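These notes are about the structure you will find just below.
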Amino acid sequence: MSKLPVTIAVTGLNNSDNPGPGIPVIRSLRESRHLDVRIIGLSYENLEPGVYMDDLVDMVYAIPYPSLGHETLLARLTYIHEQESLDLIIPNFDAELFSFIKISDTLAGMGIRTLLPTQEQFDARLKGKLVEFGDRFAINVPKSLTVFNADELTDALGEFSYPVVVKGKFYEAYVAQTAEQAHGYFYKLAAKWGTPVILQQFIKGQEYNITALGDGKGRLMGAVAMRKTYITPNGKGWAGVSIDDENLLDMARKVVTQTRWGGGMELELMQEDSTGDVYLIEINPRFPAWVYLATACGQNHPDRLVRLALGQHVDPQEDYEVGKMFVRYSWDMICDLSRFQEIATTGEVAIRPMELA
Amino acid sequence: MFFMKLKKSVAISENGFVFNASRGDSFSTNPTGTRILDWLREGKTDTEMKTLLLEKYEIDEATCEKDLYDFIKMLNQQNLIEA
Amino acid sequence: METLQKLKYERPVIKQLNAGVTTKFGAQTGFIPHTHIDGLAVKDLTARFGSPLFVISERTIRQTYQEAYNAFANRYPNVQFAWSYKTNYMNAVCRVFHQEGSWAEVVSRFEYEKALGNGVPGDKIIFNGPDKTADDHRVAVLNNSPIHIDHFDELYGLMEVSTKLGKRPKVAIRVNMDTGVQPMWDRFGFNYENGQAWDAITKIIQTDKMDLVGLHCHVGTFMLATSAYAVAASKMADLALNIKRQFGLDIQYLDMGGGFASKNTLKGAYLSGTDITPSFHDYAEQICTTLIKAGFRSEELPLLILETGRALIDDAGYLLGTVLANKRLSDGRRATIMDFGVNLLFTSFWYEHAVSPAQDCSQYAEDAILYGPLCMNIDVVRENVKLPPLNKGDQMVVHRVGAYNMTQWMQFISLRPNIVLIDLDGQPHLIRKHETVEDLTQLESTPAHLESFDL
């Protein structure tokens, strides 16, 4: 079978101690049995490790931060498209998805495909809206309440049993064992992130993660469940193992089919020790940084995403190898300062420029 | 009139990339900046550089002088010039 | 050739490259020069009308208005806009809106007189706000203007005035409510949840001295969450339907107020305002869909009034200015001093206004702070902005300044400049002259004993 040549732009090349999914996505694409890929790395910063990984990226272009607005991004992508004739873009950062969703129709008009959630799907899974999301799609989520002031907090605490999780509007969460502790965390989080503060029922149990792919029409195209076996002090999984549990995978099926999700996603789940019930804790609207584990287990989600976006016929895949492990490690690449100079002064790095016809 | 010396450790490339090997700092500068750095390397004085700028560019004397001294101050602040 | 062509000069700049700092490319993108407004060159405008200069595009106003009107009119049978005078009460601006079909919405006697002066019929001037004297009420009642009651003291006061006049005023009450957004605006009007609004309605209907024609709400300002409007619309509809049920009275209009966001970027926001601001269609969808489904019989759907100001005028306003000086701060940062500051650009306190150079510029950027000309530490237009090297005398364009600047500007330290409106044919019209020393001193008087002194 001859492989289909495609040019794919990928973001999220920050393979540092807080890794982005870009490099594992590229690694998966390079191992595709169906695609012969040319990879255009898109970087926000000069020191994203992917800029220096010659065996993974063919070209690198700097792109502007999402905060500069979608018009600016579109202008830059238009230029890159003129150089490289892109077939597809896979954005991998939460913060940039908003802009890419916004310009996806324009990109399609230029001949650049994407497979992304809709703005509505993207908004529906926001942190503060988890309860609403659960109600709407009949999905088990931990009970939570938003509170704006100390009086409301006192009332709201009456509806929870301890321990209770106190979460900031954007980041940070603490587990409170008593009302006094909850008040303390409330003031701390409100001062730092503003109100509301979110109270969530603590679920004693085991955390699991799933990387999943939806076709945007209600079909789950693949899902692999994983349990982290080593977590770094800042909460990143540094090792994990693929597992098989119908309850967990059911959750992925439910979320993808009911929301008609398009593209990759990561589900963070908790299974309660006492009841075995599975709760949805969070949805990340893109592939996780550990997505290559799925590829290694036999489900190449980035490859499937590309083929779906190109309109090819792809069948859902359920089976994968259980008991495969990933262990992350770090590695000091050595390169000449000229690479840094190239990206810093011209915003482009030509590793394997297109041969002129 | 005064002399300033660019530090020996400073390397300047055509496209405006500046690297100070003794500290590991990198900078980018524009073509006018690159030119001034080259002149500093050649040991030109401020008066000579001013004359050269006025000869080469469409620029009035007051702006030229203000910008030149401002640029040199920046170089100083960035540790690119011998004390 | 003997004489060499001189090169175009660009100020020398040098910038340290760090991880986490945008690349040259990242910095490049902000600098698309904005040389013309509606076909007129910025440099010609300032040469003729001076700098700084406010410029308003009539074309943009009309286009924006029509977009907003159509967004609502295509979803709801009966729509009326009322121009919010406080947002921009330059007569020329108000008249563009009135020509487009807007009524007037005012919140003081001063604005009320301005609307009358512009020729707006009294019954098409909505009188809002907590500040109305007995005499204001008298004039509004005689002109048959809809009066939107803010509190019980106003309700009783207005009853007294109308009894004296022997006339029945047309009134609405302003209702505040919990729409799920914080902070909740409960300082204006009567509260929905605690029954205060219903008490006011009952009082008006049972005393039978005024005609309750409408209900009014205004849920907040710069509302990025459109869902709040759906909540508000459903509570307003609920009140209107209850009034029909209990008293058999048809409410003629629901005034959903304003608060729609413009495309400016709020300070501290991560994404650009041009990306996250909802469109008129987003707001219209929430409001109209809710009202249509609320349970009114289709021939009894009340008139929908909208008082949005900011979103209709912000884009049409520009502030042009000139670089007075460049200087270097102690930390090496560049400071650029403009001839306009917070005295003219009040909104720079809460927006990160987009600024563009008005002439071709270099793609090399420097981190800079943009100061106004006032000898006051607070006079900062942009705290942190990447700017190309600018020379003294270069011009800049500030975007989206149409709302709240030409009404909240201050005559502080310096005088206020000209305002020009560019018409649909690209002709500039001076619509407000720059102030002179005489304009201001004529209002002052000097006691006789202070007239002379020796120095």
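Protein chains in written order, with our numbering: chain V, 1 to 357; chain X, 358 to 440; chain A, 441 to 895. Glycine included, C-beta positions come from ideal geometry on N, C-alpha and C. Please read these numbers as outputs of a predicted model, since none were measured by experiment.
Min CB distance residue i to chain V below 8 Å
i, result
"T666/A", "no"
"L711/A", "yes"
"Q539/A", "no"
"Q622/A", "yes"
Interface flag, residue i vs chain X, CB-CB below 8 Å
i, result
"V453/A", "yes"
"Q119/V", "no"
"L337/V", "yes"
"L447/A", "yes"
"T72/V", "no"
"R768/A", "yes"
"G772/A", "yes"
Residue i in three-state terms, based on DSSP
i, result
"S491/A", "coil"
"S383/X", "strand"
"H577/A", "helix"
"N284/V", "strand"
"H874/A", "coil"
"F567/A", "strand"
"S770/A", "coil"
"H889/A", "helix"
"D215/V", "strand"
"P196/V", "coil"
"N18/V", "coil"
"K610/A", "strand"
"E266/V", "strand"
"I63/V", "coil"
"E739/A", "helix"
"W849/A", "coil"
"T408/X", "helix"
"V375/X", "strand"
Rounded Cβ spacing between residue i and residue j (contact assumed at less than 8 Å)
i, j, result
"G735/A", "L681/A", "6 Å"
"Y669/A", "Y723/A", "6 Å"
"G211/V", "E266/V", "According to the sequence displayed, residue 211/V carries Thr and not Gly. The Cβ separation is near 6 Å, so the contact holds."
"L56/V", "R30/V", "7 Å"
"K610/A", "V671/A", "Going by Cβ atoms, the distance from K610/A to V671/A rounds to 27 Å, so no, they are not a contact pair."
"L73/V", "S43/V", "That belief does not hold up - the Cβ atoms of L73/V and S43/V are roughly 13 Å apart, past 8 Å."
"E498/A", "V536/A", "6 Å"
"Y320/V", "Q271/V", "Not really, about 19 Å apart at Cβ, beyond 8 Å."
"S379/X", "S370/X", "In fact, because the Cβ distance is near 17 Å, the residues do not count as touching under 8 Å."
"T717/A", "L664/A", "7 Å"
Where residue i meets chain V, residues with beta-carbon distance less than 8 Å
i, result
"T748/A", "Near T748/A there are no residues of chain V at all, since even the closest Cβ is about 23 Å away, more than 8 Å."
Partner residues on chain X for residue i, Cβ-Cβ distance less than 8 Å
i, result
"E450/A", "N387, P388, T389"
"S921/A", "The question about residue 921/A has no answer here: the residues shown for chain A are numbered 441 through 895."
"G812/A", "Those do not exist, as G812/A stays about 21 Å from chain X at its closest Cβ, beyond 8 Å."
Cutoff 8 Å: residue i Cβ touching any chain A Cβ
i, result
"K102/V", "yes"
"L363/X", "no"
"N92/V", "no"
"G69/V", "yes"
"I369/X", "no"
"F428/X", "yes"
"I393/X", "yes"
"L432/X", "yes"
"D424/X", "yes"
"T195/V", "yes"
Near the ligand ADP: residue i beta-carbon under 7 Å from a heavy atom
i, result
"L830/A", "Among the ligands in the structure shown, none appear at all, so the ligand ADP cannot be discussed."
Interface residues of chain V facing residue i [CB-CB closer than 9 Å]
i, result
"Q456/A", "None at all; the shortest Cβ gap to chain V is about 11 Å."
Under 9 Å from the C-beta of residue i: neighbouring residues of chain A
i, result
"P66/V", "Y710, L711, S712, D715"
"T420/X", "Y449, R451, N831, K832"
"M406/X", "Simply none; closest approach about 10 Å."
Cross-chain neighbours of residue i in chain X, by beta carbon under 9 Å
i, result
"T346/V", "N372"
Interface partners of residue i on chain A, CB under 8 Å
i, result
"E415/X", "K446, L447, K448, Y449"
Mind checking the region 371-384 of chain X against chain V and listing, in chain order, the residues whose C-beta falls within less than 8 Å of any C-beta there? Answer in chain order: N372, G373, F374, F376, S383.
Along the region 311-344 of chain V, where does the CB come closer than 9 Å to a CB of chain X? Name the residues. From the region 311-344 of chain V, only L337, S338, F340, Q341, E342, A344 have a Cβ closer than 9 Å to chain X.
By the 9 Å beta-carbon criterion, what residues does the region 248-276 of chain V contribute toward chain A? Residues of the region 248-276 of chain V with a C-beta less than 9 Å from any C-beta of chain A: none at all.
Interfacial residues, the region 201-213 of chain V to chain A, with Cβ spacing under 9 Å: Within the region 201-213 of chain V, no residue has a Cβ that lies closer than 9 Å to any Cβ of chain A.
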